[in-house]
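Report on the following structure.
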Amino acid sequence: MMKRREIKKDINSLCGDLFAECVALLQYKDTTNKKDVDNVMLTIMQMQNDMISRLSHVEPGSTKLFFKKMREELMARTGDIVEQIKALA
36 MMKRREIKKD
46 INSLCGDLFA
56 ECVALLQYKD
66 TTNKKDVDNV
76 MLTIMQMQND
86 MISRLSHVEP
96 GSTKLFFKKM
106 REELMARTGD
116 IVEQIKALA
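The C-terminal position of the sequence shown is numbered 124 in my numbering, with every residue numbered one higher than the one before it.
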């Protein structure tokens with residue numbers, strides 16, 4: 036099982052990459068609606084804060100099940116954000 040510190044680094048890296056995609060979209064595509072991209076960027080920051088906060092305070096019960104649910108939610112939310120970025124491109 037991974038350590039919390041490693042999982043936090045992975046979350047930060049993933050969110051940083053998604054955020055960089057949004058910044059690149061703003062810089063290189065003139066037809067992009069800035070307000071829509073800002074909303075996606077806000078969603079990324081909220082996801083990062085939520086996941087790190089939840090990871091810092093593990094729910095009582097099965098730790099393995101908690102991390103499995105958290106990983107599934109992270110992948111689902113990341114997929115949704117990627118789809119939003121694709122729609123803006």
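Backbone N, C-alpha and C define an ideal beta-carbon position, used for all residues, glycine too.
Can you tell me whether residue i is buried or exposed, with buried defined as 16 or more other CB within 10 angstroms of its CB?
i      : result
Leu100 : exposed
Val75  : buried
Glu94  : exposed
How is residue i classed by DSSP in three states: helix, strand or coil?
i     : result
Asp65 : coil
Lys38 : coil
Val93 : coil
Roughly how many angstroms lie between the CA atoms of residue i and residue j, to the nearest whole one?
i      : j      : result
Thr114 : Ser91  : The residue asked about is misnamed: residue 114 is Gly in this sequence, not Thr. About 23 Å.
Phe102 : Thr78  : 22 Å
Arg112 : Gly96  : 24 Å
Asp71  : Leu123 : 8 Å
Ser88  : Tyr63  : 33 Å
Lys121 : Asp52  : 14 Å
Arg40  : Ser48  : 12 Å
Gln81  : Asp73  : 12 Å
Between which two residues does the alpha helix (DSSP H) holding residue i run?
i      : result
Gly114 : Thr98 to Leu123
Please check the pair residue i and residue j, which I expect to be a contact at CB under 8 Å, by giving their CB distance rounded to whole angstroms.
i     : j      : result
Met86 : Ile116 : Actually they do not touch by this definition, with Cβ atoms about 12 Å apart.
Thr66 : Leu60  : About 10 Å; that fails the 8 Å criterion.
Cys50 : Gln83  : 4 Å
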